[in-house]
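Residue numbers (my numbering), protein chains in the order written: chain A, 108 to 333; chain B, 108 to 333. Every residue, glycine too, gets a C-beta built ideally from N, C-alpha and C.
Protein chains: 2
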Amino acid sequence: MRISILIFDGFTMLDAIGGYSVLGWLPGAEVEFVAERKTVIADDLRSGGMAAWRDYSEVETTDILYVPGGPGVEAQLANETTLDFIRRLHEKSTWTFGVCNGVELLAKAGILEGKTVTTNINARADVAALGANVVGARYHRDGKIVTTAGVSAGIDGALFLARLIAGEDVAKTIQLGIEYYPHPPFSYASPDDVPEPIREIIRTAEESLLFERMNATAPRFPQPSL
Amino acid sequence: MRISILIFDGFTMLDAIGGYSVLGWLPGAEVEFVAERKTVIADDLRSGGMAAWRDYSEVETTDILYVPGGPGVEAQLANETTLDFIRRLHEKSTWTFGVCNGVELLAKAGILEGKTVTTNINARADVAALGANVVGARYHRDGKIVTTAGVSAGIDGALFLARLIAGEDVAKTIQLGIEYYPHPPFSYASPDDVPEPIREIIRTAEESLLFERMNATAPRFPQPSL
């Protein structure tokens, strides 16, 4: 089972790695990290670099197309090469998996028209404006499209997808393998329950601080061709 | 605030990325990925490659020493250069953070003698044999040492550490930033509640399948010097 994880400059590392850490354990999984150019791709914090060792031309079809998010989504929304790649892979994929505002990329590629999805809490309006029905769920399935809320929700959504693919026993075994019995030191039930002042801080951080810092900061590592 | 994340061949990606995704958001955080040699370090599944862009000689001291785990720990337990690095960094660190069986590396380096820690459910006996008191918690603090259970527990432990460092408001804001309101499709309260047959499958997978596959499989990408 071929799993193709799309990465791009300014992606959010946990968006990609959360689901990878689940789906990569599926029996027969063959994961590849794919980017427009084969190099070390820099994440939003600029200190994390992930090897993309396949480029778009090397992936004709796949079983699972996996699209993470991050502030780097902004640039990809205007990158027709990336949008074409998503369209092409989605056409024949068995599953298409969108995490966080990676769902916005799926929407921009035109594959979510009339579909019901979830996404990062701060990307809901943008995704809805592109023609999808947005719900506030942690993960959601509509046909072969599985989408998740922000960042860490990729773990939950991938466990859900793992169950669809390989059954509950396998999915629960993976859950034990990554010891996903979460118990954060403080918790609301969902981001919608977070008080507005904290939500406003994050909106500001995501829209300006993180995005501006990312664009103003060079990756902390060389980016040779791989 | 300097945060030095140690990575090594066969580390588990989520062990490193879970906590990175929390601590990297702390105000003033400067994260670096450190390895014995500056290259693209391959994870346990061999498809994930992470840039290590500092080597041991470039990190004299740090504020947070972060040691993830993975099947690659086995080789590092016999690597005196790595153990020396851990000892040296721990001596002056403000915090030392061990995730999963990365805690076994801390123990082998001799810095957990008489300390109380948690670790991966399948590493408890080995860590205890090296002189630490092991509890079955998701995360635990003993002085400046914060340790966590397996893999995904690095997220919870890092949120706990973020609160110690920057206070609850900041930590809760980060929690919202990564939307960590986990809701896995099925859940036990802790890995100790998982029925024995499933635990046995994972023990076997971790001890043989994952470890053997890792050692028998070359990384799927080139590993140039960085």
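Quiz prompt | Coil, strand or helix - H197(B) by DSSP | solution = The sequence position of residue 197(B) within the second sequence is 90, counting from 1. It is helical.
Quiz prompt | Own chain residues within Cβ distance below 8 Å of R144(A), not counting five before or after | solution = Residue mapping note: residue 144(A) aligns to position 37 of the first sequence, counting from 1. So the list reads A159, D162 and S332, once near-sequence residues are dropped.
Practice problem: Kindly confirm or deny that the region 177-184 of chain A and the region 202-214 of chain A touch, where touching means at least three C-beta pairs closer than 8 Å. | Solution: yes
Quiz item: Is P175(B) close to chain A, meaning its C-beta is less than 8 Å from at least one C-beta of that chain?
Solution: As a first step, residue 175(B) must be located in the second sequence, where it is residue number 68. Closer than 8 Å: no.
Practice problem: State the CB to CB distance for the pair V129(B) and I262(B), rounded to an integer number of angstroms; the pair is presumed to be in contact (CB under 8 Å). | Solution: If you number the second sequence from 1, residue 129(B) lands on position 22. If you number the second sequence from 1, residue 262(B) lands on position 155. Yes, V129(B) and I262(B) are in contact; Cβ-Cβ is about 6 Å, under 8 Å.
Quiz item: Which value, in whole angstroms, describes the spacing of the CA atoms of E139(B) and R109(B)?
Solution: Reading the second sequence from its first residue, position 32 is the one you call residue 139(B). Reading the second sequence from its first residue, position 2 is the one you call residue 109(B). Near 8 Å, if we compare the C-alpha coordinates of R109(B) and E139(B).
Quiz item: Looking at T203(B) and L213(B), is the spacing between their C-beta atoms short of 8 Å?
Solution: Position 106 of the second sequence holds residue 213(B). Position 96 of the second sequence holds residue 203(B). Contact flag set, yes.
Practice problem: Starting from the N-terminal side, write out each stretch of the beta strand (DSSP E) that is 3 residues or longer and does not extend beyond the region 134-210 of chain A. | Solution: 137-142, 147-149, 156-158, 171-174 and 202-206
Quiz prompt | Proximity winner among L266(B), G131(B) and L172(B), relative to R194(B) (alpha-carbon distances) | solution = Taking the second sequence and counting its residues from 1, the one referred to as residue 194(B) is at position 87. Comparing Cα-Cα distances from R194(B) to each of L266(B), G131(B) and L172(B), the minimum goes to L172(B).
Self-check item: Start-end ranges of the beta strand (DSSP E) lying completely within the region 213-281 of chain A, minimum 3 residues
Solution: 246-249 and 252-255
Quiz item: For V301(A), which residues from the same chain have a beta carbon less than 7 Å from its beta carbon, with the 5 sequence-adjacent residues on both sides left out?
Solution: Looking up residue 301(A) in the first sequence gives position 194. Within the same chain, V301(A) has close Cβ partners Y295.
Exercise. Kindly indicate the opening and closing residues of the beta strand (DSSP E) around I112(B).
Key: Counted from its first residue, the second sequence places residue 112(B) at position 5. Per DSSP, I112(B) belongs to the beta strand (DSSP E) from R109 to L113.
Quiz item: For L266(B) and chain A, any beta-carbon pair shorter than 8 Å?
Solution: As a working mapping, residue 266(B) is identified with position 159 in the second sequence. Yes, contact with chain A.
Quiz item: Between S259(A) and the rest of its own chain, which residues show a CB-CB distance below 8 Å, the 5 nearest in sequence each way excluded?
Solution: On the first sequence, position 152 is the one that residue 259(A) refers to. Within the same chain, S259(A) has close Cβ partners L121 and G125.
Quiz item: Is D116(B) closer than 8 Å to I148(B) when the C-beta atoms are compared?
Solution: Counted from its first residue, the second sequence places residue 148(B) at position 41. Counted from its first residue, the second sequence places residue 116(B) at position 9. Against a cut-off of 8 Å, the Cβ pair of D116(B) and I148(B) comes out as a contact.
Quiz item: Hey, R310(B) and N229(B): beta-carbon distance below 8 Å or not?
Solution: The residue you call residue 310(B) lines up with position 203 of the second sequence. The residue you call residue 229(B) lines up with position 122 of the second sequence. Yes, these two residues count as a Cβ contact at 8 Å.
Exercise. Let me know the secondary structure DSSP gives F107(A) once reduced to three states.
Key: Absent from the structure is residue 107(A), since the part of chain A shown begins at 108 and ends at 333.
Quiz item: What residue does the alpha helix (DSSP H) around L333(A) start on, and which one ends it?
Solution: To locate residue 333(A), count along the first sequence from 1; it is residue 226. That residue, L333(A), is in no alpha helix (DSSP H); it is neither H nor E in DSSP.
Quiz item: I280(B) CB to nearest chain A CB: under 8 Å?
Solution: By 1-based counting over the second sequence, the position of residue 280(B) is 173. With the sequence shown as reference, residue 280(B) is identified as Thr, and Ile is not the correct amino acid for it. T280(B) counts as touching chain A.
Quiz item: Going along chain A in order, which residues have a C-beta closer than 7 Å to the C-beta of V138(B)?
Solution: What you label residue 138(B) is simply residue 31 of the second sequence in a count that begins at 1. Simply L152 and S154.
Exercise. Return the residue from the list A232(A), A236(A) and T168(A) that minimises the CA-CA distance to G243(A).
Key: Here residue 243(A) corresponds to residue number 136 of the first sequence, with the count starting at 1. It is A232(A) whose Cα lies nearest to the Cα of G243(A).
Self-check item: Span of the alpha helix (DSSP H) around R306(A)
Solution: Position 199 of the first sequence holds residue 306(A). Here the alpha helix (DSSP H) through R306(A) covers E303 to T311.
Exercise. Using the Cα positions of G264(A) and H247(A), report the straight-line distance between them to the nearest angstrom.
Key: Translated into positions along the first sequence, residue 264(A) becomes position 157. Translated into positions along the first sequence, residue 247(A) becomes position 140. In a straight line, the C-alpha of G264(A) is about 8 Å away from that of H247(A).
Practice problem: Check distances from the C-beta atoms of the region 249-261 of chain A to those of chain B and list, in chain order, the residues that come in under 8 Å. | Solution: A256, G257, V258, S259 and A260
Quiz prompt | Any C-beta of chain A under 8 Å from that of R320(B) | solution = Working through the second sequence from its first residue, we reach residue 320(B) at position 213. Not an interface residue.
Exercise. Determine the burial state of A185(B): buried for a count of at least 16 other Cβ atoms within 10 Å of its Cβ, exposed for fewer.
Key: Counted from its first residue, the second sequence places residue 185(B) at position 78. Flag for A185(B) reads exposed.
Quiz item: The alpha helix (DSSP H) spanning Y127(A) covers which residue range?
Solution: Numbered from 1 along the first sequence, position 20 holds the residue referred to as residue 127(A). Taken as a continuous stretch (DSSP letters only), the alpha helix (DSSP H) holding Y127(A) covers M120 to L130.
Self-check item: Same chain only: Cβ atoms within 7 Å of T201(B), ignoring 5 sequence neighbours per side
Solution: As a first step, residue 201(B) is located in the second sequence; it is residue number 94 there, counting from the start. Cβ neighbours of T201(B) beyond the five flanking positions: D170, I171 and K251.
Quiz item: How about S294(B): is its C-beta nearer than 8 Å to some C-beta of chain A?
Solution: Your numbering for residue 294(B) matches position 187 in the second sequence. True, the Cβ-Cβ gap to chain A drops below 8 Å.
Quiz item: From S111(A), A256(A), W132(A) and I112(A), pick the residue whose C-alpha is nearest to that of A273(A); which is it?
Solution: Looking up residue 273(A) in the first sequence gives position 166. Ranking S111(A), A256(A), W132(A) and I112(A) by Cα distance to A273(A) puts W132(A) first.
Quiz item: Would W202(B) count as contacting chain A if we go by Cβ distances under 8 Å?
Solution: Translated into the one-based positions of the second sequence, residue 202(B) becomes position 95. No, no contact with chain A.
Exercise. Buried or exposed for S111(B), please, with buried defined as at least 16 other CB atoms from any protein chain shown within 10 angstroms of its CB.
Key: Position 4 of the second sequence holds residue 111(B). Buried.
Self-check item: Chain-ordered residues of the region 155-167 of chain A with a beta carbon less than 7 Å from chain B
Solution: G155, G156, M157, A158 and W160
Quiz item: What is the C-beta distance between R270(B) and P292(A), in whole angstroms, given that I count them as a contact (C-beta under 8 Å)?
Solution: On the second sequence, residue 270(B) is found 163 positions in, with the first residue counted as 1. On the first sequence, residue 292(A) is found 185 positions in, with the first residue counted as 1. Sure, about 6 Å apart at Cβ, within 8 Å.
Practice problem: Ignore the nearest five residues each way along the sequence and tell me which others in Q282(B)'s own chain have a CB closer than 7 Å to its CB. | Solution: For the purposes of this step, residue 282(B) is identified with residue 175 of the second sequence, where counting begins at 1. Counting only Cβ-Cβ distances below 7 Å, and skipping sequence neighbours, we find L266.
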